[in-house]
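As they're listed, the protein sequences go chains A and B. If you count the first sequence from 1, you need to add 4 to reach our numbering. If you count the second sequence from 1, you need to add 1 to reach our numbering. Have a look at the structure below, then the notes.
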Amino acid sequence: DAGITQSPRYKITETGRQVTLMCHQTWSHSYMFWYRQDLGHGLRLIYYSAAADITDKGEVPDGYVVSRSKTENFPLTLESATRSQTSVYFCASSETGNKGQFFGPGTRLTVL
Amino acid sequence: GEDVEQSLFLSVREGDSSVINCTYTDSSSTYLYWYKQEPGAGLQLLTYIFSNMDMKQDQRLTVLLNKKDKHLSLRIADTQTGDSAIYFCAEKGGGSQGNLIFGKGTKLSVKP
């Protein structure tokens with residue numbers, strides 16, 4: 005089905021390990037975003053991308069790396085996971101940034 | 002800076018109208034959005050309104066925008082138990098990022 009998918013849906017890892025969260029969209033949207041959702045903080049932007057090979061930092065980028073070699077994929081990597089990165093991560097995409105963003109189902113990440 | 006405020010909880014009876022309120026600070030916001038999040042799911046775009054509009058209606062949903070007071074509301078007519086969820090107000094950030102600034106969400110509980 006067309007849409008935006010994330011994998012894995014659930015992940016448990018240990019402090020210090022590298023983790024990559026995948027995001028794939030089939031709409032050929034130019035913009036893609038990564039947010040994290042935490043109790044008391046709502047959703048906060050980690051990184052975004054306006055097009056393939058163009059990425060930039062959001063509000064909380066420290067400890068994360070992104071890449072966008074293809075329009076449809078926008079992986080998020082935690083280079084050395086910390087407990088503070090335990091969160092629910094949402095990927096979103098948008099055609100123009102004006103008519104709203106469409107969200108994936110989320111990845112629940114636990115760092116032990 | 003940009004900020005979006007919402008009350009955290011709202012409880013209504015089935016069949017009543019629900020009104021969820023939101024205030025924002027960025028007067029240059031061009032688009033404002035309402036999202037719905039059900040437990041364990043991603044955010045679903047419900048509706049959006051352009052800043053030059055006062056009202057937008059879409060079936061049971063009515064969005065009212067008071068740009069002078071920077072106040073946005075979402076009215077759900079004939080609220081059903083299936084409307085129980087967290088509702089997020091969001092504004093489009095003023096920069097070129099295209100990202101959204103979210104409120105912390107209002108948890109709507111619908112009692113039968």
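We treat Cβ as the ideally placed atom computed from N, Cα and C, and that holds for glycine.
- With contacts defined by Cβ atoms closer than 7 Å, serine 30 (chain B) and lysine 93 (chain B) form a contacting pair.
- Look at asparagine 100 (chain B): its C-beta is under 7 Å from a C-beta on chain A.
- For phenylalanine 103 (chain B), the C-beta contacts it makes with chain A under 7 Å involve Gly46 and Leu47, in order along the chain.
- The C-beta separation of threonine 48 (chain B) from tryptophan 35 (chain B) comes to about 5 Å, placing the pair in contact by the 8 Å criterion.
- Flagged as an interface residue toward chain A: tyrosine 32 (chain B), by a C-beta distance shorter than 7 Å.
- Neighbours of tyrosine 49 (chain B) across chain A, judged by C-beta separation under 9 Å: Asn102, Lys103 and Gly104.
- Only those residues of the segment 52-66 of chain A whose C-beta falls short of 9 Å from the nearest C-beta of chain B are listed: Tyr52, Ala54, Asp60, Gly62 and Glu63.
- Three or more pairs of CB atoms, one per stretch, sit closer than 8 Å, so the segment 105-113 of chain B contacts the segment 83-92 of chain B.
- Aspartate 60 (chain A) carries a strand assignment under DSSP once its states are collapsed to helix, strand and coil.
- In this structure, methionine 56 (chain B) places its C-beta atom within 7 Å of the C-beta atom of leucine 65 (chain B).
- Check the Cα spacing between glutamine 7 (chain B) and each of B:Arg14, B:Ile21 and B:Gly16: the tightest is with B:Ile21.
- Phenylalanine 78 (chain A) has a beta carbon lying at 7 Å or more from every beta carbon in chain B.
- Boundaries of the beta strand (DSSP E) harbouring tryptophan 35 (chain B): 32-38, taken from the DSSP string.
- Judged by their CB atoms, arginine 87 (chain A) and valine 64 (chain A) are not nearer to each other than the 7 Å cut-off.
- Contact of lysine 112 (chain B) with chain A by beta-carbon distance below 7 Å is absent, the smallest such distance being about 24 Å.
- Here alanine 85 (chain A) really is in contact with arginine 21 (chain A); their C-beta atoms are around 5 Å apart, less than 8 Å.
- In the three-state reduction of the DSSP assignment, aspartate 79 (chain B) falls in the coil class, being assigned neither a helical nor a strand state.
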